[in-house]
Amino acid sequence: MIARPKHQRLVLVLLALAAVLGAALLAMWGLRDRAAYFYTPADVAAGKAQPRTAIRLGGMVERGSVLRDPDGITTRFVVDDGEARVPVLFRGIVPDLFQEGSGVVAEGQLAPGGTFVADNILAKHDERYMPPQLGNQAAEQRAAKTLQR
Amino acid sequence: MHRLANPARFLWIARPATSWLLVIGLLLTAAGLIGGLAFTPPDYLQGETVRILYVHVPSAWLGMAGWAAIAAASVSQLVWRHPLAAVAGRAIAPAGATFAAVCLLTGSIWGRPTWGAWWEWDGRLTSMLVLFFLYLGYIALAAAERERGGEGRLAALFGLVGAVNLPIIHYSVLWWRTLHQPQSIGLTGSSIDASILWPLPLAALGFTALFAAAVLMRMRAELAQTRVEARMRRAAAE
Numbered sequence: 179m180i181a182r183p184k185h186q187r188l189v190l191v192l193l194a195l196a197a198v199l200g201a202a203l204l205a206m207w208g209l210r211d212r213a214a215y216f217y218t219p220a221d222v223a224a225g226k227a228q229p230r231t232a233i234r235l236g237g238m239v240e241r242g243s244v245l246r247d248p249d250g251i252t253t254r255f256v257v258d259d260g261e262a263r264v265p266v267l268f269r270g271i272v273p274d275l276f277q278e279g280s281g282v283v284a285e286g287q288l289a290p291g292g293t294f295v296a297d298n299i300l301a302k303h304d305e306r307y308m309p310p311q312l313g314n315q316a317a318e319q320r321a322a323k324t325l326q327r
Numbered sequence: 751m752h753r754l755a756n757p758a759r760f761l762w763i764a765r766p767a768t769s770w771l772l773v774i775g776l777l778l779t780a781a782g783l784i785g786g787l788a789f790t791p792p793d794y795l796q797g798e799t800v801r802i803l804y805v806h807v808p809s810a811w812l813g814m815a816g817w818a819a820i821a822a823a824s825v826s827q828l829v830w831r832h833p834l835a836a837v838a839g840r841a842i843a844p845a846g847a848t849f850a851a852v853c854l855l856t857g858s859i860w861g862r863p864t865w866g867a868w869w870e871w872d873g874r875l876t877s878m879l880v881l882f883f884l885y886l887g888y889i890a891l892a893a894a895e896r897e898r899g900g901e902g903r904l905a906a907l908f909g910l911v912g913a914v915n916l917p918i919i920h921y922s923v924l925w926w927r928t929l930h931q932p933q934s935i936g937l938t939g940s941s942i943d944a945s946i947l948w949p950l951p952l953a954a955l956g957f958t959a960l961f962a963a964a965v966l967m968r969m970r971a972e973l974a975q976t977r978v979e980a981r982m983r984r985a986a987a988e
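Heads up: the protein sequence lines correspond to chains A and B, in order.
Each residue of the first sequence is one higher than the one before, counting from 179 in the working numbering.
Each residue of the second sequence is one higher than the one before, counting from 751 in the working numbering.
Structural data, given as structure tokens:
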């Protein structure tokens, strides 16, 4: 049976598209570890991050962990991902959205003692947007829970 | 689609459609932007900065939808040899590139006050930048091919292969750890509160209508140009 040229071309285009998509997905699958934007504390605990090399560390700022030194420029806090925690030392100005219980990405390197010395701090926010009243309610509920503990 | 293969019939529909899309697009965009700038509450965390959303998100959507349309035109060109497919591809590319650029610029302006950085090489930002470069490549390739009198098959192949980037952009925030947050609006609902969300569909629809109007105008301009060129050739031959 001889297929009409139109149908032949359609099959060819679909096959080519499937092949290219498959190749791209395989490539992205291969990249899944290397294309990650930051390491998590669990990665650090597992020894995936080399000390004294520039990396990014991402996670949540642990509640109650933010300490500001009297020199007014040094901030210490703990990054937590639910599995492991890494203490961070940063000298500089943190972004407005940097706060306890919210996401953070720190750029810097791991000191031999296990402290992460950051030279830049980025705030990471989540995909929820809401007006202040609702946000305050959420914050108040969290505060109430913390007080109960 | 094949009823539109005749340029005269296409023009008969495209001419009034352009004006309608322009009017509807301007009205919806105005409603969406005025609503978003003046009538929605600020975000609990970001404050007023969140209003960039009403430009950033529709631009991102059109940047990606534009390439999806180029891919559809490419299939139609390669398989059915639709006579208007290459014209459509060439008309869509600059509009898509513009919206991709607006998405990147507004994203950068939004990133500075929220994240603390104008630009970061995370998965979402990088794949969107790649989309913008793909548009530039497509525009150059399609223009060069038209100049040489080609049918647009090379550009169509490029448009088809470039479509691979669309799922990568979409899933980048799920596959990889990124600085960009995951998507807020999915098939199952939205994590944007209704009081902040409502102008967004208006702006998105308005932008889309303006995009379609721009594409139709460019297609009509190119068809007119082709006719002028043919007439000049005939006049020169006489």
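All residues carry an ideal CB built from backbone N, CA and C; glycine is no exception.
As the structure is a prediction and not an experimental result, all values here were calculated from the model.
- For A:V189, the number of other beta carbons within 10 angstroms of its own is below 16, and it is reported as exposed.
- Neighbours of B:I763 in chain A, taken as residues whose beta carbon is under 9 Å from its own, are absent, since the nearest beta carbon is some 25 Å off.
- Not flagged as an interface residue toward chain A: B:Q975, since no C-beta distance is shorter than 8 Å.
- Between B:D943 and A:P309, the C-beta spacing is below 8 Å.
- Counting C-beta atoms within 10 angstroms of its own C-beta, B:F849 has 16 or more neighbours from the protein chains shown and is therefore classed as buried.
- A residue is called buried once 16 or more other Cβ atoms fall within 10 Å of its Cβ, and A:W207, having fewer, is exposed.
- Around A:I299, the beta-carbon contacts reaching into chain B at under 8 Å are G866.
- For A:K184, the secondary structure class from DSSP, reduced to helix, strand or coil, is helix.
- Residue range 281 to 288 is occupied by the beta strand (DSSP E) that includes A:Q287.
- Secondary-structure assignment with DSSP links A:F268 through a beta bridge to A:T253, A:A296.
- Neighbours of B:G939 in chain A, taken as residues at a C-beta separation under 8 Å, are lacking, since the least C-beta distance is about 12 Å.
- Taking 8 Å as the threshold, the shortest C-beta distance from A:V283 to chain B falls below it.
- Nearest CB-CB separation between B:R903 and chain A: not below the 8 Å threshold.
- The Cβ atoms of A:D259 and A:A196 lie no closer than 8 Å to each other.
- Secondary-structure assignment with DSSP links B:I820 through no beta bridge to anything.
- Annotation for B:L910: A821, S824, V825, L828 place their beta carbon closer than 8 Å to its own, counting only its chain and skipping 5 residues before and after.
- CA-CA distance, B:A867 to A:L300, rounds to 7 Å.
- Put simply, the backbone Cα of B:A959 is about 16 Å away from that of B:A818.
- Under the Cβ criterion (8 Å, minimum of three pairs), the segment 253 to 271 of chain A counts as touching the segment 220 to 235 of chain A.
- If you keep only unbroken alpha helix (DSSP H) runs of at least 4 residues inside the segment 901 to 965 of chain B, you get 903 to 912, 915 to 925, 944 to 947.
- For the pair A:R182 and B:A892, the Cα-to-Cα distance works out to about 28 Å.
- With fewer than 16 other CB atoms across the displayed protein chains lying within 10 angstroms of its CB, A:K184 is exposed.
- Taking the Cβ atoms as the reference, A:L288 lies roughly 4 Å from A:P229, within the contact range of under 8 Å.
- Per DSSP, reduced to three states, the secondary structure at A:A224 is coil, with no helix or strand assignment.
- Just so you know, the alpha carbons of A:K302 and B:F883 end up roughly 27 Å apart.
- Excluding sequence positions up to five before and after B:P792, its CB lies within less than 6 Å of the CB of E798, all in the same chain and listed in chain order.
- Here B:P949 has G782, G785, G786, T790, Y804 as same chain residues with Cβ atoms under 7 Å from its own Cβ, once five neighbours each way along the sequence are excluded.
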